[in-house]
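Taking this note's numbering, the leading residue of the sequence shown gets -6, the next gets one more, and so forth.
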Amino acid sequence: MLPEAGGPATEPTLRERTEKAGGRGFVSAVLWVAWFSLVVLWTPVVAAAFLTTAWWDRGRRIAGRVFRWGARVLMAMNPFWKLRVIGPRPDRRSHPLVVVSNHESLADVVLIGTLPWEMKWLSKRENFRFPFLGLMMWMAGDVSVSRDDPHSRAEAYAELGRWIDRGVSVMLFPEGTRSRTEEMLPFRSGAFRLAIETGRPVLPLVVSGSRMAIQKGSARFGNADVTIRILDPEPVDGLGMRDVQALRDRVRQRIEAARTEQA
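1) Just how far apart, CA to CA, sit Leu240 and Phe125?
2) Measure how close the beta-carbons of Ala133 and Gly106 come, nearest whole angstrom, since I'm counting them as under 8 Å.
3) Give the DSSP-derived three-state secondary structure of Val219 in the structure shown.
4) Taking DSSP as the reference, what is the three-state secondary structure of Trp49?
5) Are three or more beta carbon pairs between the region 104 to 120 and the region 149 to 167 nearer than 8 Å?
6) Straight-line CA distance for Pro226 to Met164?
7) Which partner residues of Lys75 appear in the DSSP bridge assignment?
8) If you reduce the DSSP assignment to three classes, tell me which class Trp114 lands in.
9) Assign Val244 to buried or exposed, taking buried as 16 or more other Cβ atoms, counted over all protein chains shown, within 10 Å of its Cβ.
10) Which first and last residues belong to the beta strand (DSSP E) in which Met164 is found?
11) Considering only the beta carbon of each residue, do Asp242 and Ile189 sit closer than 8 Å?
12) From this set, Glu176, Trp74, Leu178 and Ser162, which residue's C-alpha is nearest Val219's C-alpha?
13) What is the residue span of the alpha helix (DSSP H) that Leu126 lies within?
14) Per DSSP, what kind of secondary structure is Leu224 in: helix, strand or coil?
15) I'd like to know whether the C-beta atoms of Arg54 and Val161 end up nearer to each other than 8 Å.
16) Check whether the Cβ atoms of Phe214 and Leu76 sit closer than 8 Å, and answer yes or no.
17) Could you tell me which residues DSSP pairs with Ser21 in its beta bridges?
18) Note down the Cα distance separating Glu97 from Pro179, rounded to an integer number of angstroms.
19) DSSP three-state label for Val229, please.
20) Within the same chain, show all residues whose beta-carbon is closer than 6 Å to that of Phe185, passing over the 5 residues directly before and after it, in chain order.
21) My assumption, with CB atoms under 8 Å, is that Pro194 sits in contact with Leu90. Please give the rounded CB distance.
22) Asp84: which of Pro109, Arg252, Asn95 and Ser94 sits nearest, CA to CA?
23) Enumerate in chain order the residues of its own chain whose CB-to-CB distance from Lys209 is below 7 Å, with the five nearest sequence positions on each side excluded.
24) For Leu104, which residues does DSSP report across the bridge?
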């Protein structure tokens, strides 16, 4: 596209120069190497925060925040992703919260990790087996689960409840895994049962635009203009176990409506 007559020519962005060079696969490989290098280098930083604060910081807020600061560095290293956050940051007095989000891409973990408050994440056990990363997740207080094991799920939700008792918010993807299509998967009930059991509000997040960031089954970075919308918390006052499904469906409808509005 030519600039308007008399107007200044615009400099192509790094993303556009990379596209013209046809080097997306090569740059993706370089980025993965850079990301893994950062994970290795970041591990002793998180370890230092953990070892010096865990004995008095019962919520591991400091170790968790140091760990998740790495997500901002990862974002800064990636020329293909842009992120916009819409909606008010939840008031500090409203924590702890049960935070839930739709799940479009592996990139969602990095993108949501840039939000400026601490959350303990529920993550599949396999992620804790990654060298260095799994150790940092453990030091930050994230919770592992084997999704096909009912006993593991029960233990994981009990551990999330203990973090809430310490005043720390928790983060879950109620779809359980990334959707391969633009349609959200059905929500599981665990997050909403946890919210009712602990009496803590549900904070819905809406992620849109991340599907092409890292497509499921691919390791190549794609262009992604991502929006995270923070919705108003969904109260659970007066709700009991009989209301779990209704709460789950109500939150899912709110997320779906916001996704449609952002599309």
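Don't be surprised by glycine CBs; every beta carbon is placed ideally from N, CA and C.
On the basis of the supplied data:
1) 37 Å
2) The Cβ separation is near 10 Å, so there is no contact.
3) strand
4) coil
5) yes
6) 14 Å
7) Asp218
8) strand
9) buried
10) Ser162 to Leu165
11) no
12) Trp74
13) Leu126 to Ala133
14) coil
15) yes
16) no
17) The partner list for Ser21 (beta bridge, DSSP) is empty, contrary to what the question assumes.
18) 13 Å
19) coil
20) Val237, Leu240 and Arg241
21) 6 Å
22) Pro109
23) Arg171 and Arg173
24) Bridge partners of Leu104: none, in fact.
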